[in-house]
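Worksheet: the structure to be examined is printed underneath.
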Amino acid sequence: MTRVLFINFRGRIVKYFRFSIKNYTPVVLSLLLFFLSGCESCDCEKEFLTPVKVSKRDQKEMVLVPAGEFIMGTDKVDTEGTHKKIGAVKELYLDQHPERKLFLGSFYIDRYEVTNAEYSKFLKATQFTDRPSHWVEGVFPEGQALHPVTQVTWWEGWSYCMWAGKQLP
208 MTRVLFINFR
218 GRIVKYFRFS
228 IKNYTPVVLS
238 LLLFFLSGCE
248 SCDCEKEFLT
258 PVKVSKRDQK
268 EMVLVPAGEF
278 IMGTDKVDTE
288 GTHKKIGAVK
298 ELYLDQHPER
308 KLFLGSFYID
318 RYEVTNAEYS
328 KFLKATQFTD
338 RPSHWVEGVF
348 PEGQALHPVT
358 QVTWWEGWSY
368 CMWAGKQLP
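Residues 208 to 376 (our numbering) are what the sequence shown spells out, left to right.
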């Protein structure tokens, strides 16, 4: 026999009964199978899928970031002189004032970062001479073809985007 207690929020028993699990085994198993079986197809997934497009030049998958508001900047002030402690020349946050709410229209962005191999392909296709500073003799480190490219300036990133038919914000 199994005992079932229903306790209210004050910790008092409000209902108590006993039953034999043997009598309910078929019902419990049926419910368990029903809940574990799932659906064959579900339209609810479509509601959460991000619209995707593929870039023509670099064939990279891009996802839509919907339009919306965001907070840009800060009203923080470096009152403790933290910039001196970390060796910065100017006070922190000065170029981030004022905090403001902005609206940004929707845009597409690459689903994944640009890899060393993809950036190398751009360099070869364009005869672009600047290379990331950690590439030895213009070649990315061995075994890092699929790692995100790093140590690229804003202008180098902009050049890649122009080549790929995209743009930086």
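Yeah, the Cβ is synthetic: ideal placement off N, Cα and C, and Gly gets one too.
All of these numbers come straight from a predicted model, not from anything done at the bench.
Restricting to Cα atoms, I'd like to know which of Asp285, Leu299, Asp265, Pro305 is closest to Met279. Sorting Asp285, Leu299, Asp265, Pro305 by C-alpha distance to the C-alpha of Met279 places Pro305 at the top.
Per DSSP, Pro305 forms a beta bridge with which residues? None; Pro305 has no bridge partner.
Val356 classed as buried or exposed, judged by whether at least 16 other C-beta atoms fall within 10 angstroms: buried
Close beta carbons around Gly345, own chain, < 6 Å, minus the five adjacent residues each side: Excluding positions up to five away in sequence, the list reads Arg338.
Assuming contact is defined by CB atoms lying nearer than 7 Å, are Asn323 and His354 in contact in what I supplied? Closer than 7 Å, so yes.
Sorted by chain position, which residues of the same chain lie with C-beta nearer than 7 Å to Lys331's C-beta, five sequence neighbours on each side aside? none
Can you name the start and end residues of the beta strand (DSSP E) that Lys260 belongs to? Looking at the DSSP string, the run of the beta strand (DSSP E) that includes Lys260 is 259-261.
Return helix, strand or coil for Ser366, following the three-state DSSP convention. helix
I need the DSSP call for Glu325, collapsed to helix, strand or coil. helix
Taking Cβ positions, are Met269 and Lys263 nearer each other than 7 Å? Their beta carbons are not under 7 Å apart, which means Met269 does not touch Lys263 by this criterion.
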